[in-house]
Amino acid sequence: MGRNNRNIVSVESEYEHLVKTIHKLQESLVTLSTLRDDLIYRLCPALRAQYEEKVGGLERELLAAQTYLKEEQRIIEILQAQMNARKVPSLNTAQEQAREEFKKYEENLRQKAEEAENFRKDWEKDSGWSQYQEENASDAKQSYQEFRQASQEAEEAAGEKSGCGTGSGSESSGDFSSGERSEGAFQENLSDKEDGKGSDRAGQIRTIKDLYRKIVKRLHPDIHPNATQHEKDLLNKANDAYKEKDEQTLQAIWDELSGLDMPEEKYEDTEEGRKKLRELMELLRARVKALMEEVRAIQSEFPYTEMEFLNDEGAVSKRQDRLHAEIEKTREAISQLEELIKRFRQYVEQQ
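Per this note's numbering, residue 4 is the first one in the sequence shown, and the count goes up by one each step.
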């Protein structure tokens with residue numbers, strides 16, 4: 004009799020399956036949403052700051068020099084055209100025409116320099132997201148493990164493959180492993196630069212992240228479509244607080260939420276209840292898929308795409324040397340053209 008009982012398999016009802024699937028999708032959504040925000044507000048600004056420090060300024064310096072060189076070359080071309088047309092060459096006219104033609108390029112250079120300067124000021128004012136101690140050096144790796152787990156659970160819940168799994172047939176699995184190594188190494192490099200207050204700041208960052216994750220799980224509209232306007236306002240407030248690393252505000256929001264009932268609608272095991280659960284499940288599937296696409300999009304763009312390069316000191320040094328060499332070469336070419344224009348001016352004045 005006991006042996007027969009051990010062979011009894013519990014059959015999961017449709018209602019139970021729907022509830023379990025929705026819970027998995029909810030967890031996946033929270034994980035992906037938090038990871039996306041971490042990438043936007045935390046890692047990518049840190050990557051951009053590192054890129055600016057190592058090569059960004061040199062790249063803009065080279066671009067400015069190359070643009071100026073082209074302007075000087077254009078002045079020579081205009082003067083040559085004037086002489087070919089048997090006109091009296093006018094240096095002032097040639098310079099004015101060249102400046103006008105390159106006006107939009109110069110404006111673009113000024114805009115890039117201004118954006119970089121504004122970013123630098125903001126970063127120096129509060130670069131807390133980049134300050135991690137050794138205890139947080141593997142935080143990025145953990146985030147990616149969570150992302151892969153959330154993706155796998157979302158695929159299982161959705162009953163379809165989305166290309167985010169960890170199986171041998173997934174093209175993305177290798178990329179995520181590389182991402183884990185690169186991001187973990189990047190954060191370890193940041194840890195080496197911290198001061199004595201790094202540990203306290205790292206603990207604060209983790210607290211902020213945990214608070215934000217709990218708030219998102221309570222208030223995200225895709226998880227709780229029947230949220231009140233007040234709850235929507237709280238989520239917007241939490242988003243702003245997370246961007247600003249405002250632990251006090253996040254704690255106040257969580258204190259308020261922890262005293263309230265979960266806003267999740269209760270569905271009964273009826274035909275109407277199961278219908279609503281199926282609708283909610285499809286809504287969550289679509290949102291999880293969209294979030295995974297958002298994360299991939301961030302990973303395919305600057306500055307995230309420079310993470311592996313920034314971790315390679317040899318590659319960074321090589322690019323710096325190349326940029327310095329190109330800048331020097333361009334400056335030499337500019338000096339030659341300036342000397343040529345100077346001689347032309349002297350020639351005109353002697354006529």
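Just so you know, even glycine gets a beta-carbon here, dropped at the ideal spot from N, CA and C.
- No residue range can be given for His227, since it is assigned to no alpha helix (DSSP H) and is classified by DSSP as neither H nor E.
- Rounded to the nearest whole angstrom, the C-alpha separation of Gln114 and Leu61 is 16 Å.
- With fewer than 16 other beta carbons inside 10 angstroms of its own, Lys321 counts as exposed.
- Taking all protein chains in view, the Cβ of Gln53 is crowded by 16 or more other Cβ atoms within 10 Å, so the residue is classified as buried.
- Leu238 is positioned such that its CB atom lies closer than 7 Å to that of Leu222.
- Taking the C-beta atoms as reference points, Ala116 is found no nearer than 7 Å to Glu74.
- The segment 46 to 123 contains, as complete alpha helix (DSSP H) runs of 4+ residues, the segments 47 to 54, 60 to 87, 94 to 104 (chain order).
- Look at Asp236 here: in three-state DSSP terms it is helix.
- Ser31 sits in a helix when the DSSP states are folded into three classes.
- With respect to the 7 Å criterion, Arg348 and Leu94 are classified as neighbours on the basis of their beta carbons.
- The DSSP-derived three-state label of Tyr245 is helix.
- The alpha carbon of Arg346 has as its nearest neighbour, out of Ser36, Ile79, Ser31, the alpha carbon of Ile79.
- For Phe305, the secondary structure class from DSSP, reduced to helix, strand or coil, is coil.
- Looking at the backbone, the Cα of Ser36 and that of Ile330 are separated by about 43 Å.
- In the DSSP assignment, Thr252 falls within the alpha helix (DSSP H) that extends over 250 to 261.
- Under the 8 Å Cβ criterion, the segment 240 to 260 does not count as touching the segment 279 to 287, having fewer than three qualifying pairs.
- For a cut-off of 8 Å, the C-beta gap from Cys47 to Tyr307 is around 6 Å, short enough to register as a contact.
- The Cβ-Cβ distance between Ile301 and Leu32 does not fall below 7 Å.
- Taken in chain order, the whole alpha helix (DSSP H) runs of length 4 or more contained in the segment 302 to 345 are 310 to 314.
- If you draw a straight line from the Cα of Glu64 to the Cα of Leu112, it comes to about 9 Å.
- Contact between Met310 and Leu50 holds: their C-beta atoms lie close to 6 Å from each other, under 8 Å.
- Contact annotation: Ile256 and Ile226 have beta-carbon atoms that are not nearer than 7 Å.
- Within its own chain, the residues whose Cβ lies closer than 8 Å to the Cβ of Val319, once the five positions on either side in sequence are excluded, are Lys57, Val58, Phe312, Leu313, listed in chain order.
- Residues of the same chain with a CB within less than 8 Å of the CB of His327, apart from the 5 flanking positions on each side, are Leu61 in chain order.
- When the beta-carbon positions are compared, Arg277 and Tyr18 come within less than 7 Å of each other.
- Under the three-state reduction of DSSP, Thr210 is assigned to helix.
- Nearest C-alpha to Ala293 among Val22, Lys240, Ser16, Leu28: Leu28.
- Going by C-alpha positions, Glu30 is about 24 Å away from Gly206.
- With contacts defined as CB atoms closer than 7 Å, Pro92 and Gln85 qualify as a contacting pair.
- By the criterion of a C-beta distance shorter than 7 Å, Arg334 is surrounded in its chain by Ala68, once the five residues flanking it on both sides are discounted.
- For Gln323 and Gln76, the gap between their C-alpha atoms comes out near 26 Å.
- Straight through space, the alpha carbons of Lys220 and Lys279 are spaced by roughly 20 Å.
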